[in-house]
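Going line by line, the protein sequences match chains A and B. Here my numbering is used: position 18 in the first sequence is 18, and no number is missing along the way. Here my numbering is used: position 339 in the second sequence is 568, and no number is missing along the way.
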Amino acid sequence: MQAAIILFPGSNREQDVHDALERVTGKAPLKVWHRDSTLPKADLIVVPGGFSYGDYLRCGAMAAHSPIMREVKARANTGTPVLGICNGFQIITEAGLLPGVLLTNRTLRFHCKDVHLRVETSQSIYTRRYNAGQVIRVPVAHHDGNYFADKDTLDRLEGEGRVAFRYCSEAGETVDEANDNGSARAIAGILNEKRNVLGLMPHPENATDPLLGSTGGQGFFASLAEALA
Amino acid sequence: MSPDTGADAAATLDQARQFGLSEDEFKRACRIMGRTPNFTELGIFSVMWSEHCSYKSSKVWLKKLPTTGKRVICGPGENAGVIDIGDGDAAIFKMESHNHPSFIEPYQGAATGVGGILRDVFTMGARPIANLNALRFGSPDHPKTKHLIDGVVRGIGGYGNCVGVPTVGGECNFHPSYNGNILVNAMTVGLARADRIFYSAAAGPGNPVIYVGAKTGRDGIHGATMASAEFSEDNESKRPTVQVGDPFTEKLLIEACLELMESDAIVAIQDMGAAGLTSSSVEMAGKGGLGIELALDQVPTRETAMSPYEIMLSESQERMLMILKPERQELARQIFDKWELDFAVIGRVTDSGRLVLTMHGRTVADMPVGPLVSEAPLYERPWTPAPALPELAAKTIEAREPIAALKQLVACPDLASKRWIWEQYDHLVMGHTVQRPGGDAAVVRLPGRKKALALATDCTPRYCAADPKRGGAQAVAENWRNLTAVGALPLAITDNMNFGNPERPEIMGQFAQSIEGMREACLALDYPVVSGNVSLYNETNGSGILPTPAIGGVGLIDDAAKSVSLGFKREGEIVVVIGETKGWLGQSLYLRELLGREDGAPPPVDLKAERHNGDFVRAQIRAGVVSACHDVADGGLLVALAEMAMAGGIGATLSAPQDQPAHAFWFGEDQGRYVLTCRSADALLQAAQKANVPARVVGKTGGAALTLAGGNAISVAELKRLNEAWLPAYMAQ
């Protein structure tokens, strides 16, 4: 599997996802600078975490309008998997690849901690190695991860099985205390209609190495490696 | 030049005084110049000779610290210290204060503190891999404290999170002496190749002088001077001297500089920190024994009609000065273009030994570099030793029931969990944080390697106030112990000396004696000082802070997988205390928090025992015998045990010896101690006996409570609730 990671000025978790992908696929992803004129052929496009353009204006808003995102959208529409993590989720949402918006955390503060996620569907290339209902532990690190969409959109996401992850307690219950950022219906990650685009706020890439304390993200990258082999 | 009108006119003694220079210093400047300096030149003298830049009160004492060792590649004097960590790798690190700005404008003050220390480290060719901070706030009851905590924490997070360097550790405590003068000390650790270190000495007359990064504005003018004076009630009016940070530009600057450093383009490089373009250009020329000519109209500015004085003294952030090989100038320009940063040729290196500044072709300053640096005033200020305080006998101190006392201690501001703070810092970005905040030391693995660095900051200011020499030694020893407790070999430190007004003999005495204590500890522990920062005049309306020599330490772990953390790991393990427990209660938190007393002599630091015990513990960790390890510090043994129980979510049954008062045994703050757990104590105790290291079994892990044999118990859940509740509740008030 050949992955390509898009770099914007201010991206800062590109190496984390690079290492997680390389560990599971054995192949180093390409890093593509946002001003490079062509996007190489890739089996997976990753928009990584960070503070693209310093989060000025609105998180992800400026990167979403950069020329390379037109190409990313075109690829997504023809079926290429596109993964947006954290700031990448904000960017691809701003770019219209996914519905809704990421608002400021309800605490108005940055949160960096391990959280529990319930895998809501195993029907995607990102989650096929998990069981639906499985609880995993992965970190979050964001200031604006409060997912919001109107009721119809949320109903539709749920009805079509497009909610990939929800914040939950260790026992798997979607309790309010487990939803630090205040996301609508505790949503942590969603899929597009074709299920090839996934955006999520948590960082599975920081939970793939037992030495670093949690391995809840291993299944995520194993799913991709298996699906895109 | 023709000193005729306006800024070119000769400066006056009154102006010099306003800039913080004494009459003698003004006369010295006139003598060096051979005439009276003009306004711009006077500004340059005043910042170069400020306490902040010249270390004029502290230098004679700092020279006493050991700064060399087989691991030291570069000691104090450069942007940061450099040590050899094997395999051709180098660790580059430094800690620096941003105290005054953080009190005036907490968000920007703390944020730019982080930005400044990051630049000091990547200037030398290192990619920053970890940030730490040491914070001291006033009493929680003081009306400004909450606002200051909120702003400082947001500022540190806002900057560090955005640049994508994990903030992995630090310390935070409270004392009324910081009510009007908080301390914000930030530390950065970077990783470089030992054969690719970049220095600041200018070389090659004719080489271009390049300005890169953000534009220059009118912010932070005279920040270094402000940081070199006492505070008074009017400090609110000094807000314009605080710089404004832009972490996004800093992130681009890091990437651009590191990309350029892959080539051979750079002759010398220096960040523009305190005193901005002035100190960077003067220091580069001074170190190279050369001169420098700058055309100030070429400096990228973000405001119109800036005067030479403003351009030279601005402390706008995210700027660097470089001297390049002329043939590599275009390559460098392309890299900075890619990162959308300003790149301007603003001058050239000369062999004149003079700093010559021009504006639109007219010379506006012309001064000798050598004397500006080497003839800076140096003071041997008078000092008086701190009066010795009496030793307090444990039996004269009221005994409280240990579990009740523990409940109060784990919830007191100094010992309460600081999770609320460090969860606002991205401590995981870069993906190498092996041990997160909350333990004795953070452990950060090096990319692509097995080995890791252990990092911690430490100081116990109440000990330093009671006995500065003991306190100085204790700060170094505790730091060394914290690194040892995770299994690291401590290699070197950076120091951040925060003190009051050095013109007062008792403050100078605190400084001198703290240095003496640090010196002895550094020598005994083979733990040299490779970089540091001095922050004096931490006083408001004549009332000084507790002397606070904060120590930032770096240690090496050969195999990250072998580091241990403090949490109890399994039920049924033996709990062993290493080191002698005499029950020293003077200056303890027990005394302060339960009995409201801040008195007595602080615990002595037996450096021989410290080293001996630490070397033993490290060897046991490396041998794989130890499942958890924690140093015994603030609060004493029972607090250390409670912290291990809370971190592991496992209780323990504990017993105290009969021949000692229980409160002294559980809460005494004797130094040089560790708590270990292991599956079977026999081998460990035998090894300790053989090594002549005091070791005592105090209990066994298991259950959901800490239970004292023949006494009370408390559940680990209740301990956690008490420990975690205070700070979030306080901040939510």
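Here a beta-carbon is modelled for each residue, glycine too, at the ideal position from N, C-alpha and C.
Asked: Collapsed DSSP secondary structure at methionine 596 (chain B) in the structure displayed; Found: strand
Asked: Chain-ordered residues of the segment 130-148 of chain A with a beta carbon less than 7 Å from chain B; Found: Pro139, Ala141
Asked: Alpha-carbon to alpha-carbon, valine 47 (chain A) and phenylalanine 89 (chain A); Found: 8 Å
Asked: CB of leucine 377 (chain B) within 7 Å of CB of proline 330 (chain B), strictly; Found: no
Asked: Cβ shell of glycine 315 (chain B) (< 8 Å), same chain only, five flanking positions each side left out; Found: Lys680, Leu785
Asked: C-alpha distance - aspartate 55 (chain A) paired with arginine 383 (chain B), whole-angstrom precision; Found: 15 Å
Asked: Residue range of the unbroken beta strand (DSSP E) whose run includes tyrosine 167 (chain A); Found: 163-168
Asked: Complete runs of the beta strand (DSSP E) confined to the segment 468-555 of chain B [at least 3 residues]; Found: 495-500, 520-524, 548-553
Asked: Sequence-distant residues of its chain with Cβ nearer than 8 Å to threonine 234 (chain B) (five each side left out); Found: At threonine 234 (chain B), the pLDDT of 42 sits below 50, so the modelled position is not reliable; the number obtained from the coordinates is stated separately. None.
Asked: CB of alanine 355 (chain B) within 7 Å of CB of glycine 419 (chain B), strictly; Found: yes
Asked: Separation of alanine 615 (chain B) from leucine 823 (chain B), as counted between CA atoms; Found: 26 Å
Asked: Buried or exposed (CB count within 10 angstroms, at least 16 for buried), leucine 951 (chain B); Found: buried
Asked: Residue burial classification, histidine 589 (chain B) (beta-carbon count within 10 angstroms, cutoff 16); Found: exposed
Asked: Bounding residues of the alpha helix (DSSP H) (the contiguous stretch that carries leucine 638 (chain B)); Found: 631-639
Asked: Nearest-angstrom Cα separation, counted from aspartate 152 (chain A) out to glutamine 637 (chain B); Found: 51 Å
Asked: Pair within 7 Å by beta-carbon distance, valine 834 (chain B) and glutamine 742 (chain B); Found: no
Asked: Buried/exposed call for threonine 769 (chain B), threshold 16 Cβ in 10 Å; Found: buried
Asked: is_contact[proline 9 (chain A), chain B] using C-beta, thresh 7 Å; Found: yes
Asked: Euclidean distance between Cα positions of methionine 737 (chain B) and alanine 605 (chain B); Found: 20 Å
Asked: Cβ of lysine 41 (chain A) within 7 Å of any chain B Cβ; Found: no
Asked: Aspartate 114 (chain A) versus tyrosine 167 (chain A) - alpha carbon distance; Found: 11 Å
Asked: Range covered by the beta strand (DSSP E) that runs through serine 760 (chain B); Found: 758-764
Asked: Proximity below 7 Å, CB of serine 406 (chain B) to CB of isoleucine 774 (chain B); Found: yes
Asked: Contacts around valine 511 (chain B), its chain only, beta-carbon distance under 7 Å, and the 5 residues preceding and following it disregarded; Found: Met277, Leu584, Val598, Leu601, Val602
Asked: Inter-stretch contact (C-beta, 8 Å, three-pair minimum) for the segment 193-212 of chain A and the segment 73-85 of chain A; Found: yes
Asked: Closer than 7 Å to chain A by CB, valine 663 (chain B); Found: yes
Asked: Cross-chain neighbours of cysteine 59 (chain A) in chain B, by beta carbon under 8 Å; Found: Within 8 Å Cβ-Cβ: nothing; cysteine 59 (chain A) doesn't reach chain B, min ~11 Å.
Asked: Min CB distance aspartate 16 (chain A) to chain B below 7 Å; Found: yes
Asked: Glutamate 872 (chain B) burial status per 10 Å Cβ neighbour count (16 or more: buried); Found: buried
Asked: Chain A contacts from the segment 640-661 of chain B (Cβ-Cβ distance under 7 Å); Found: Glu652, Gln653, Tyr654, Asp655, His656, Leu657, Val658, Met659, Gly660
Asked: Nonlocal neighbours in the same chain, by C-beta distance under 6 Å from glutamine 816 (chain B), ignoring five residues either side; Found: Arg691, Tyr692, Ala695, Gly829, Pro831
Asked: Spatial distance of asparagine 77 (chain A) from glutamine 123 (chain A) (CA atoms); Found: 19 Å
Asked: Delimiting residues of the alpha helix (DSSP H) encompassing glycine 701 (chain B); Found: 697-714
Asked: Exposure of serine 231 (chain B), with buried meaning 16 or more beta-carbon neighbours within 10 Å; Found: Below a pLDDT of 50, predicted positions are generally treated as unreliable, and serine 231 (chain B), at 39, falls in that range; the measurement from the model is reported next regardless. With fewer than 16 other Cβ atoms within 10 Å, it is exposed.
Asked: Where the alpha helix (DSSP H) through aspartate 566 (chain B) begins and ends; Found: 558-567
Asked: The beta strand (DSSP E) enclosing valine 854 (chain B), as first and last residue numbers; Found: No beta strand (DSSP E) contains valine 854 (chain B), which DSSP labels as neither H nor E.
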